[in-house]
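Remarks on the structure that follows.
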Amino acid sequence: MLNDIQDLYGRRIQVYNTADSERPTASVGLAFVLNCEITNTSNVTVKELILGGALLLTTTWHNIDTISILNIYAPNDYGEQRDFWERLQAIWDEQCLPKPDFMLGDFNLVEDPIDRSPPHADPLPPTDALCDMHLTQHLVDAWRTDNLTERSYTFYSSLNRFSRIDRIYSQAHHVPNLLEWYMGPTVVPTDHNMVSVRYAPLNAPYIGPGQWAWPAGMIHDKDLLQGIMEIGCKIERRADSLGSNPEDKTVIQLLWEELKMCSCQLAKQHAKHTLAKISNCIHALQHDLNQAANSPLMDISEDARTNTAILE
Numbered sequence: 001m002l003n004d005i006q007d008l009y010g011r012r013i014q015v016y017n018t019a020d021s022e023r024p025t026a027s028v029g030l031a032f033v034l035n036c037e038i039t040n041t042s043n044v045t046v047k048e049l050i051l052g053g054a055l056l057l058t059t060t061w062h063n064i065d066t067i068s069i070l071n072i073y074a075p076n077d078y079g080e081q082r083d084f085w086e087r088l089q090a091i092w093d094e095q096c097l098p099k100p101d102f103m104l105g106d107f108n109l110v111e112d113p114i115d116r117s118p119p120h121a122d123p124l125p126p127t128d129a130l131c132d133m134h135l136t137q138h139l140v141d142a143w144r145t146d147n148l149t150e151r152s153y154t155f156y157s158s159l160n161r162f163s164r165i166d167r168i169y170s171q172a173h174h175v176p177n178l179l180e181w182y183m184g185p186t187v188v189p190t191d192h193n194m195v196s197v198r199y200a201p202l203n204a205p206y207i208g209p210g211q212w213a214w215p216a217g218m219i220h221d222k223d224l225l226q227g228i229m230e231i232g233c234k235i236e237r238r239a240d241s242l243g244s245n246p247e248d249k250t251v252i253q254l255l256w257e258e259l260k261m262c263s264c265q266l267a268k269q270h271a272k273h274t275l276a277k278i279s280n281c282i283h284a285l286q287h288d289l290n291q292a293a294n295s296p297l298m299d300i301s302e303d304a305r306t307n308t309a310i311l312e
């Protein structure tokens with residue numbers, strides 16, 4: 001599978017992964033996927049710390065700073081978690097590894113009852129082991145630091161149980177530079193919600209909005225295509241009226257430029273009107289989901305949890 005991905009998309013993405021060699025198709029495993037078009041992949045180093053459970057990536061940031069990310073897939077079994085975290089800390093100490101900037105992944109564990117619905121504390125031995133690990137590395141639960149009382153979930157079980165077991169930890173000084181948090185579904189069907197955040201350090205160069213591009217979802221919009229065809233017909237009639245040998249040879253090029261400018265302007269206006277409806281609908285659903293997830297009824301009512309699951 002990995003070879004197929006590299007063959008098809010090797011010029012655009014770089015994949016680093018670790019999996020259980022005895023069960024390569026099992027759910028146990030980790031991967032980093034780097035976009036080669038916006039990421040410098042020449043200085044990337046990847047270290048497998050625990051097979052299928054811990055993967056450390058280090059790279060340069062704007063050719064000056066170094067950034068490291070620890071990817072985690074913790075065991076499902078509470079009985080294995082304490083050994084997992086103690087083993088990881090021991091490896092860290094033995095190899096004298098630097099403190100990671102970020103630690104993220106599926107922890108299969110929560111540190112606070114607020115991150116489960118119905119709320120309950122997870123067993124102390126694995127919870128304490130995880131806490132010792134991230135405190136030793138000076139890491140904090142970044143989203144929870146900014147949202148002390150809010151509730152959001154990344155995993156929903158068939159028993160109507162919710163949890164935030166997928167998290168991103170960061171060094172405390174990075175927290176003010178983290179924005180645009182998102183916890184929600186992905187394009188690829190999965191039983192976990194994706195957690196993402198934008199990291200914008202103070203020394204990062206300014207990146208503008210970029211060149212406008214035609215919205216991919218409107219390529220086959222009949223109303224928009226009809227409007228552009230009408231513009232094209234008008235431009236074509238004006239071009240025909242000039243004859244086969246106009247005195248000013250630049251007129252045809254100017255008409256061509258006018259066609260492109262008018263088409264872009266029409267597309268922008270149409271997108272603003274059409275996509276606004278979709279965006280408003282998404283925002284309304286997200287608002288309803290946030291309201292449902294933070295309702296006191298979530299902890300006592302099966303119906304409330306079912307309603308939240310439907311919104312998810």
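Sequential numbering from 1 applies to the sequence shown in full-length UniProt numbering. We put the beta carbon where it would ideally sit given N, CA and C, even for glycine.
Span of the alpha helix (DSSP H) around residue i
| i | result |
| --- | --- |
| Tyr78 | 78-95 |
| Ile114 | From DSSP, Ile114 is part of no alpha helix (DSSP H); its letter is neither H nor E. |
| Arg238 | 222-240 |
| Val251 | 251-293 |
For residue i, the three-state DSSP class (helix, strand or coil)
| i | result |
| --- | --- |
| Thr306 | helix |
| Arg144 | helix |
| Asp106 | strand |
| Ala129 | helix |
| residue 313 | Lying outside 1 to 312, the shown extent of the chain, residue 313 is not represented and no answer is given. |
| Thr66 | strand |
Element boundaries [beta strand (DSSP E), containing residue i]
| i | result |
| --- | --- |
| Gly184 | 178-184 |
| Glu48 | 45-50 |
| Tyr169 | 166-171 |
| Ile219 | Segment: none, Ile219 is in no beta strand (DSSP E) and carries neither H nor E. |
| Ser196 | 194-199 |
| Gln14 | 13-19 |
| Val33 | 29-35 |
CA-to-CA distance, residue j to residue i, given in whole angstroms
| i | j | result |
| --- | --- | --- |
| Leu34 | Arg198 | 15 Å |
| Val188 | Met194 | 10 Å |
| Tyr73 | Ala54 | 6 Å |
| Ala292 | Gly184 | 14 Å |
| Ala31 | Asn71 | 8 Å |
| Cys281 | Asn17 | 37 Å |
| Lys234 | Lys277 | 30 Å |
| Leu224 | Arg82 | 59 Å |
| Ser196 | Thr154 | 11 Å |
| Leu52 | Pro75 | This sequence places Gly at residue 52; Leu is not what is there. One C-alpha to the other measures close to 10 Å. |
Whole-angstrom C-beta distance between residue j and residue i, which should lie under 8 Å
| i | j | result |
| --- | --- | --- |
| Leu289 | Leu311 | 4 Å |
| Tyr169 | Asp132 | Tyr169 to Asp132, Cβ: 13 Å. No contact. |
| Val251 | Leu242 | 6 Å |
| Ile69 | Leu57 | 5 Å |
Okay, do the segment 87-99 and the segment 118-138 touch, 3+ Cβ pairs below 8 Å being the bar? yes
Can you find at least 3 beta carbon pairs, one from the segment 143-150 and one from the segment 121-128, that sit closer than 8 Å? Contact fails between the segment 143-150 and the segment 121-128, because fewer than three Cβ pairs, one in each stretch, are under 8 Å apart.
Decide yes or no for the touch test of the segment 45-65 against the segment 112-121: beta carbon pairs closer than 8 Å, at least 3 of them. no
Three or more C-beta pairs closer than 8 Å, one from the segment 209-226 and one from the segment 260-280: is that the case here? yes
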